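*Asks:*
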């Protein structure tokens, strides 16, 4: 890692790997076999993800801000370099996740220590039922700059179809954040089967 940071090759190598991954199939020979193109695209994807994971683990050993400072901005990657949102969010996902979720600290006995200052902001509190219902949905403030950027960059059709909030929310999630509610699905499937 020291060699990469000293030679200032961290970002150029990242940009080159993302560019290669994005253009692998487009720059291939016209007569190239589909299996070859698929294997080449898979290899580029694997190398890119390994490099991103390497940067994340090495640069976040001190703090997440080191990782964030080492990266080109999301807007630069998305707007100027024309990278796919999947690639941009893959690179920036650790930073977005860290800003959305408050950092949990593990105590000496292995228990999670909750910061009392964050409790009121993250945990629901009992609400007086006589109050009017809230008309605005809760959305993490830390993602609002990304949503604003998405509003400017996304094509109008995408903005109308899915909206920038859903777009950013979807892409900032990790695979572990998305799960199918199996019990509910099985229950609903059984109910529908009984109707037929």
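Numbering (the working numbering), first residue to last: 133 to 328.
Glycine is no exception: its CB is placed at the ideal position from the N, C-alpha and C atoms.
Bear in mind the structure is a predicted one, so any value in this text is a computation, not a measurement.
What's the C-alpha gap between residue 214 and residue 206?
*Replies:* Here residue 214 refers to the residue found at position 82 when the chain shown is read from its first residue. Here residue 206 refers to the residue found at position 74 when the chain shown is read from its first residue. Those two C-alpha atoms are separated by around 11 Å.
*Asks:* With DSSP run on the structure shown, which of helix, strand or coil describes residue 310?
*Replies:* Start at 1 with the first residue of the chain shown, and residue 310 comes out as number 178. DSSP places residue 310 in coil when its eight states are reduced to three.
*Asks:* Would you mind reading off the limits of the alpha helix (DSSP H) that contains residue 196?
*Replies:* Taking the chain shown and counting its residues from 1, one reaches residue 196 at position 64. 196 to 202 is the extent of the alpha helix (DSSP H) around residue 196.
*Asks:* So, at 8 Å on beta carbons, what are the nonlocal neighbours of residue 290 in its own chain, with the 5 sequence-adjacent residues on each side left out?
*Replies:* Reading the chain shown from its first residue, position 158 is the one you call residue 290. Around residue 290: 299.
*Asks:* Using beta-carbon positions only, say whether residue 199 and residue 208 come within less than 7 Å of one another.
*Replies:* Counting from 1 along the chain shown, the entry for residue 199 is found at position 67. Counting from 1 along the chain shown, the entry for residue 208 is found at position 76. Their beta carbons are not under 7 Å apart, which means residue 199 does not touch residue 208 by this criterion.
*Asks:* Mapping DSSP to helix, strand and coil, what is residue 179?
*Replies:* On the chain shown, position 47 is the one that residue 179 refers to. Reduced to three states, the DSSP call for residue 179 is helix.
*Asks:* So for residue 135, helix, strand or coil by DSSP?
*Replies:* For this step, residue 135 is matched to residue 3 along the chain shown. Residue state, collapsed to three classes: helix.
*Asks:* Closer than 8 Å is the cut-off here; do at least three beta carbon pairs connect the segment 211 to 231 with the segment 297 to 312?
*Replies:* Touching, per the Cβ criterion.
*Asks:* State the Cα-Cα distance for the pair residue 152 and residue 306, rounded to the nearest angstrom.
*Replies:* The residue labelled residue 152 in the question sits at position 20 within the chain shown. The residue labelled residue 306 in the question sits at position 174 within the chain shown. The straight-line gap from Cα to Cα measures roughly 23 Å.
*Asks:* Does the distance from the C-beta atom of residue 223 to that of residue 184 stay below 7 Å?
*Replies:* The residue you call residue 223 lines up with position 91 of the chain shown. The residue you call residue 184 lines up with position 52 of the chain shown. Taking 7 Å as the Cβ cut-off, residue 223 and residue 184 qualify as a contacting pair.
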